[in-house]
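In mature numbering (1 follows the signal peptide of the UniProt record, and there is no 0), the protein residues as written are -24 to -1, 1 to 85. Ideal placement from N, C-alpha and C gives every residue a C-beta, glycine not left out. Quick notes on the structure that follows.
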Ligand code: HEC
């Protein structure tokens, strides 16, 4: 019996496991700075010119954080309420979920 198929199988398993951490390792904070900070500001307070022009939500506010569930936030990211663009087609699900977490991290005590 040749062990060629075995080696091919082993190669595939190794290739797959090497690419999995890359998938799990989506940096929500980086995505936030890249896509959201121009309106909502780095700290979420939306005190930017664009945030002010578009009436962007202050995401750091405790009251807002308490009144919105993770799925509310996910929905906002996907649909883009008001002047905000929707990201349903441009960001993967993993990226959208990482952004929900990044928005949660903006909460100010
Ligand atoms: C072009 C400016 C702009 C960009 C870019 C933007 N937003 Fe917004 N966002 C807004 C505005 C304006 C609102 C308020 C809309 C409203 O109240 O109708 C808003 C609202 C929200 C809300 C709250 C909705 C609610 O129900 O209170 C969340 C959460 C949010 N944005 C997250 C994000 C995230 C995360 C990103 C990046 C992926 C992002 N936004 C990018 C302008 C922007």
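Exclusion of the five residues before and after residue 79 leaves 35, 49 as the residues of its chain whose Cβ lies within less than 6 Å of its Cβ. For residue 74, the uninterrupted alpha helix (DSSP H) run begins and ends at 69 to 80, by DSSP.
Per the C-alpha coordinates, the member of -15, 7, -14, -22 positioned closest to residue 68 is 7.
Annotation for residue -19 indicates a beta carbon at 8 Å or more from all heavy atoms of the ligand HEC.
Per DSSP, reduced to three states, the secondary structure at residue 38 is helical. Residue 33 carries a coil assignment under DSSP once its states are collapsed to helix, strand and coil.
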